[in-house]
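See structure below.
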Amino acid sequence: GAVVSQHPSWVICKSGTSVKIECRSLDFQATTMFWYRQFPKQSLMLMATSNEGSKATYEQGVEKDKFLINHASLTLSTLTVTSAHPEDSSFYICSAKVGWGLVPLHFGNGTRLTVT
Amino acid sequence: GEDVEQSLFLSVREGDSSVINCTYTDSSSTYLYWYKQEPGAGLQLLTYIFSNMDMKQDQRLTVLLNKKDKHLSLRIADTQTGDSAIYFCAESINDYKLSFGAGTTVTVRA
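Those protein sequences? They're chains A and B, same order as listed.
In this text, residue positions in the first sequence follow this note's numbering: the first is 409, and each later residue adds one.
In this text, residue positions in the second sequence follow this note's numbering: the first is 4, and each later residue adds one.
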């Protein structure tokens with residue numbers, strides 16, 4: 409079964425509004441979660457690493473004021489796309505490490521964001 | 004930039020074997036992964052291999068790793084229509100950061 413739950417699956421919003429995407433770890437505590445962005449027919453690009461109780465670490469070129477990440481608990485990380493524009497339309501996917509040490513990542517089902 | 008490279012498309016007849024190839028660059032990678040993505044969905048972890056292994060088999064899936072050539076392959080035996088998807092190869096940069104290839108679109112024809 410799914411170990412990482414992402415919500416919503418898709419969202420359509422108007423330009424200038426903000427959208428929040430949730431990523432939950434099910435039945436385990438995830439001290440670290442990751443947010444990826446995927447453009448059509450392209451690979452995944454890591455946007456940021458979300459650490460519980462501390463500030464997120466953003467990859468080069470990702471605007472931290474644009475993509476707000478909050479990891480307030482051990483099972484929930486949120487990504488808020490602020491003042492969304494059509495170019496923010498994309499597929500956003502979160503992932504979490506399941507377990508300790510060298511273990512693989514599990515991914516949520518993704519959120520399709522369309523900004524009109 | 005693409006540190007992980009894989010061919011973009013593969014067409015295979017139902018019942019045949021599929022082989023998806025991938026090359027990576029970071030010799031210090033600890034894990035190498037194969038993920039499957041169906042249309043509109045997230046990534047599903049298919050299998051992974053630790054870098055000190057040469058081969059791993061899991062039901063219809065066989066992963067081969069050639070560390071010398073930094074080459075990874077995924078073989079799907081008896082390919083079914085449900086195997087049509089995009090398959091991503093990924094290497095671990097450290098114990099959690101992954102670098103993905105562009106994905107191979109596998110189309111299974113009857």
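Using N, Cα and C, we set each Cβ at its ideal position, and we do this for glycine too.
Rounded to the nearest whole angstrom, the CA to CA distance from A/Val419 to A/Glu430 is 12 Å.
In this structure, B/Ser95 sits near B/Thr33, with a CB-CB distance shorter than 8 Å. The C-alpha of A/Ser413 lies about 11 Å from the C-alpha of A/Asp435.
Pairing A/Lys474 with A/Pro494, the inter-Cα distance amounts to about 13 Å. The DSSP assignment places 427 to 433, 440 to 446, 452 to 459 as complete runs of the beta strand (DSSP E) inside the region 426 to 473 of chain A, in order along the chain (cut-off: 3 residues).
For B/Lys59, no chain A residue has a C-beta closer than 9 Å to its own C-beta; the minimum C-beta separation is roughly 12 Å. For B/Gln83, there is no enclosing beta strand (DSSP E), as DSSP marks it with neither H nor E. Among the CB atoms of chain B, none fall inside 8 Å of the CB of A/Ile429. Rounded to whole angstroms, the gap between the alpha carbons of A/Asn517 and B/Leu46 is 7 Å. About 5 Å separates the beta carbons of A/Thr519 and A/Tyr500, which is inside the 8 Å limit, making them a contact pair. Around the beta-carbon of B/Asp61, fewer than 16 other beta-carbon atoms lie within 10 Å, marking it exposed. Apart from the 5 residues on each side of it in sequence, B/Thr107 sits with its Cβ closer than 6 Å to the Cβ of Gln9, Ser10, Leu13, Ile23, Tyr90 in its chain, given in chain order. Taken in chain order, the complete beta strand (DSSP E) segments of 3 residues or longer contained in the region 13 to 70 of chain B are 21 to 26, 34 to 40, 46 to 53, 58 to 61, 64 to 69. Proximity to B/Leu67 across B/Ala88, B/Pro42, B/Trp37 peaks at B/Trp37, based on C-alpha coordinates.
Taking 7 Å as the cut-off between beta carbons, the residues of the region 98 to 110 of chain B near chain A are Asp98, Tyr99, Lys100, Leu101, Phe103, Gly104, Ala105, Gly106, in sequence order. Nearest CB-CB separation between B/Phe91 and chain A: below the 8 Å threshold. The Cβ atoms of A/Ser498 and A/Arg445 sit closer than 8 Å to each other. The residues Met441, Ala464, Ile477, His479, Ser485, in chain order, have a CB closer than 6 Å to that of A/Ser458 in the same chain once the five nearest residues on each side in sequence are set aside. If you look at A/Thr483, you'll find it isn't in any beta strand (DSSP E); DSSP assigns it neither H nor E. For B/Ala44, the chain A residues whose C-beta falls within less than 8 Å of its own C-beta are Asn517, Gly518, listed in chain order. Note: B/Glu8 is bridge-paired with B/Thr26 in the DSSP secondary-structure output. A/Lys505: member of the beta strand (DSSP E) spanning 498 to 505, first to last residue. By the criterion of a C-beta distance shorter than 7 Å, A/Gln437 is surrounded in its chain by Leu482, Thr483, once the five residues flanking it on both sides are discounted.
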